[in-house]
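**Q** Taken in order, these protein sequences are the chains called A and B.
Heads up, the first sequence is in the numbering used here, so the first residue is 437 and it goes up one at a time.
Heads up, the second sequence is in the numbering used here, so the first residue is 42 and it goes up one at a time.
Don't be surprised by glycine CBs; every beta carbon is placed ideally from N, CA and C.
Just passing along the structure, written as structure tokens.
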Amino acid sequence: MGGSAIKTHLAIEVSNLSVRYPDGRLALNDISFLVEVGDSVAVLGANGAGKSTLLLALVGVLPAEGEIRFGEIVLSDKTLRDVRRKVQLVFQDPNDQLFMPLVRDDVAFGPLNFGVPKDQVPQLVDKSLEAVGLSGFGDRAPHNLSLGERKRAAIASVLACEPEVILLDEPSAGLDAPGRRQLFNLLRDFKATKLIATHDLVLAEELCSKAIVLKAGKLITSGPISSLLSNEMLLSDCGLK
Amino acid sequence: MRFVDPAGRGLISSIHPYVRVYCGGVLLLAAALPDSPRRLVATGVIVALFAAASRIGWRVIVWGAIPVVSLVGGVGILSVISGMRMEEFRLQPVVMFAGKCYLAYLASASLAASTHYADALQAFDLLRVPTLFTSIAGSICRWFHLVFREASAANTARVLRGGDRKNRLAQAGDLARISASVMTWSFARAERVAAAMECRGFRGILVRLPGRPLRARDLIWLVAIFALLVGIWVVLQ
Chain A
437 MGGSAIKTHL AIEVSNLSVR YPDGRLALND ISFLVEVGDS VAVLGANGAG
487 KSTLLLALVG VLPAEGEIRF GEIVLSDKTL RDVRRKVQLV FQDPNDQLFM
537 PLVRDDVAFG PLNFGVPKDQ VPQLVDKSLE AVGLSGFGDR APHNLSLGER
587 KRAAIASVLA CEPEVILLDE PSAGLDAPGR RQLFNLLRDF KATKLIATHD
637 LVLAEELCSK AIVLKAGKLI TSGPISSLLS NEMLLSDCGL K
Chain B
42 MRFVDPAGRG LISSIHPYVR VYCGGVLLLA AALPDSPRRL VATGVIVALF
92 AAASRIGWRV IVWGAIPVVS LVGGVGILSV ISGMRMEEFR LQPVVMFAGK
142 CYLAYLASAS LAASTHYADA LQAFDLLRVP TLFTSIAGSI CRWFHLVFRE
192 ASAANTARVL RGGDRKNRLA QAGDLARISA SVMTWSFARA ERVAAAMECR
242 GFRGILVRLP GRPLRARDLI WLVAIFALLV GIWVVLQ
């Protein structure tokens, strides 16, 4: 998380990123940060700080000014498909992400679109469901699952794409204590680079080594999570405590 | 719209779900074909057996009669308005029309009660129905489910805040506002779903995994129902 990082070890490099809402308001204002390969970085901020917008901009869903680079690939219209092959987003509301009639159809959706041979997809689906502890749930309808199960199914649908970078938007929102614990264990096991947007400081502390803090669309600070979380004034100022 | 997983539904759950869908389709067609009361009654008995095996509740059976009566009544009113005289009225065609409509409803309701819509879509996939149609149908079913759940939640919130104490007109106004807001939310959700699809590489062509295997012996129920209907048709000439 800093300018001194060696470029070849960078998973994400964001420079001067700005995003405007359709009404012209700035949702993100001139944001720059670096994430190294394998890092888990928390994007902290209160509601409306721009966390979800940042994640959506990173996968090219929202048009943005500035430069976003994943390894050697610069995000643009031409590279969008390559970027999405490497970078996957887990949405805050699993209902947005699970749109197919069956869980296994949903998990298979990405690999089939990214051209994984059809005969390899069922194994990939089983592997992804197993990784999130949902073996045997493939033939269930998403709306018959609990919120925690839906969250894990949404994560499985992303894992099946075998991404190098996973972006997670408020992964612990709405989960009970066992569900949170299960999610923490699950996320901790992922080897991919993770960018986790959250205002759940416990989750951030448990899973992330570094953090960036957003407030009203601006990057306030970034650094090791322990030092940021010990700064009471910062947390209070950014609506995190 | 209510779709129930068939687990624990007795005999019907032992029939392959795709075969259930095809049987439902055959019964729907059969409901439309009878040209005499005897054939209609015989077809009705088979549809009733299908409904009984699907264990649909009395409420479903009774509620289906309301739109049928409304439809028949509406057609009658339109006929009178457009100049039909009373001496032209015949009871039998009316009963036949109402009976066919109700049997078609009963066959559809039985299928919906016993078979998940995903199985219905995959059964159509197996018949080489274009993926575009099955995908759109699947999305609509999923959308209905979400809208229904959100509308139920909004309605519960309305009732909990004393909305049920208002007069009927005010309640209707509240429900209209809920519907408008649920529809608006569903558009916002559609955008997020589209974003989720794009993120996972969707470019306009939906590819799905193949469905459950269907063996020749699974088709025995379809053959039996088809043979029964043809038998009735031939015997009751």
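1. For residue 445 of chain A, does the count of other Cβ atoms within 10 angstroms reach 16, so buried, or fall short, so exposed?
2. Establish whether the CB of residue 559 of chain A and some CB of chain B are separated by less than 7 Å.
3. Tell me residue 630 of chain A's beta-bridge partners as DSSP assigns them.
4. Hey, does residue 167 of chain B have any beta-carbon neighbour from chain A nearer than 7 Å?
5. Quick check on residue 549 of chain A - is its C-beta less than 7 Å from some C-beta in chain B?
6. Please list the residues of the stretch 168 to 200 of chain B that have a C-beta atom closer than 8 Å to any C-beta atom in chain A, keeping them in chain order.
7. Taking C-beta to C-beta, are residue 564 of chain A and residue 595 of chain A nearer than 7 Å?
8. Apart from the five residues just before and just after residue 584 of chain A, which ones in its own chain have a Cβ nearer than 6 Å to its Cβ?
9. So if DSSP puts residue 647 of chain A in a beta bridge, which residue, or which two residues, is it bridged to?
10. In terms of residues, what are the limits of the beta strand (DSSP E) holding residue 526 of chain A?
11. At what residues does the beta strand (DSSP E) containing residue 608 of chain A begin and finish?
12. When DSSP builds the beta bridges, which residues end up paired with residue 462 of chain A?
13. Buried or exposed: where does residue 388 of chain A fall if 16 or more other Cβ atoms within 10 Å of its Cβ makes it buried?
14. Taking the C-alpha atoms as reference points, what is the distance between residue 546 of chain A and residue 567 of chain A?
15. Output the distance between the C-alpha atoms of residue 247 of chain B and residue 551 of chain A, rounded to the nearest integer angstrom.
16. Considering only residues of the stretch 52 to 140 of chain B, which uninterrupted alpha helix (DSSP H) runs meet the minimum length of 4 residues and lie entirely inside it, listed in chain order?
17. If you run the structure through DSSP and keep just helix, strand and coil, what is residue 509 of chain A?
18. Is residue 452 of chain A buried or exposed, if buried means 16 or more other CB atoms sit within 10 Å of its CB?
19. Using 10 angstroms around the beta-carbon of residue 86 of chain B, count the other beta-carbons present and answer buried if the total reaches 16, otherwise exposed.
20. What residue range is occupied by the uninterrupted alpha helix (DSSP H) comprising residue 197 of chain B?
21. Quick one: residues in its chain with C-beta nearer than 8 Å to the C-beta of residue 62 of chain B, no 5 flanking neighbours on either side, listed in chain order?
22. Do residue 608 of chain A and residue 636 of chain A have their beta-carbon atoms positioned less than 7 Å apart in this structure?
23. Decide yes or no for the touch test of the stretch 124 to 131 of chain B against the stretch 166 to 182 of chain B: beta carbon pairs closer than 8 Å, at least 3 of them.
24. Measure the C-alpha to C-alpha separation of residue 45 of chain B and residue 506 of chain A and round it to an integer number of angstroms.
25. Since residue 469 of chain A sits in a beta bridge, which residues does DSSP pair it with?
26. Under the three-state reduction of DSSP, which class applies to residue 279 of chain B: helix, strand or coil?
27. Going along chain B, which residues have a C-beta under 8 Å from residue 531 of chain A?
28. Which chain A residues sit within Cβ distance under 9 Å of residue 255 of chain B?
29. Name the DSSP beta bridge partners of residue 504 of chain A, please?
30. What would DSSP say about residue 487 of chain A, mapped onto helix, strand or coil?
31. Kindly indicate if chain B contains any beta-carbon less than 7 Å away from that of residue 495 of chain A.
32. If I'm right that residue 601 of chain A touches residue 510 of chain A with Cβ under 8 Å, what's the distance once you round it to whole angstroms?
33. Which word fits residue 121 of chain B, buried or exposed, when buried means at least 16 other C-beta atoms lie within 10 angstroms of its C-beta?
34. For residue 227 of chain B, collect the residues of the same chain with a Cβ closer than 6 Å to its Cβ; drop the 5 residues on either side in sequence, then sort them by chain order.
35. List, in chain order, every chain B residue whose beta-carbon is nearer than 7 Å to that of residue 597 of chain A.
36. Could you confirm whether any beta carbon from chain A is found closer than 7 Å to the beta carbon of residue 202 of chain B?
**A** Working from what's here:
1. exposed
2. no
3. A/476 and A/602
4. no
5. yes
6. 179, 180, 182, 183, 186, 187 and 190
7. yes
8. 611 and 615
9. A/478 and A/659
10. 523 to 526
11. Residue 608 of chain A -> no beta strand (DSSP E), and no H or E assigned at all.
12. A/456
13. As shown, chain A starts at 437 and ends at 677. That puts residue 388 of chain A outside it, with no answer to give.
14. 16 Å
15. 12 Å
16. 58 to 73, 78 to 95 and 99 to 122
17. strand
18. exposed
19. exposed
20. 172 to 201
21. 152, 156, 160, 161, 164 and 165
22. yes
23. no
24. Here the model assigns residue 45 of chain B a pLDDT of 45, short of 50, so the residue's position is not dependable, and the following value carries that caveat. When rounded, the distance between both Cα atoms is 44 Å.
25. A/450
26. Missing from the structure shown is residue 279 of chain B; chain B here goes from 42 to 278 and no further.
27. 187 and 230
28. What residue 255 of chain B touches in chain A: nothing, since even the nearest Cβ is about 15 Å away.
29. A/450
30. helix
31. yes
32. About 14 Å; that fails the 8 Å criterion.
33. exposed
34. 188
35. 241
36. no
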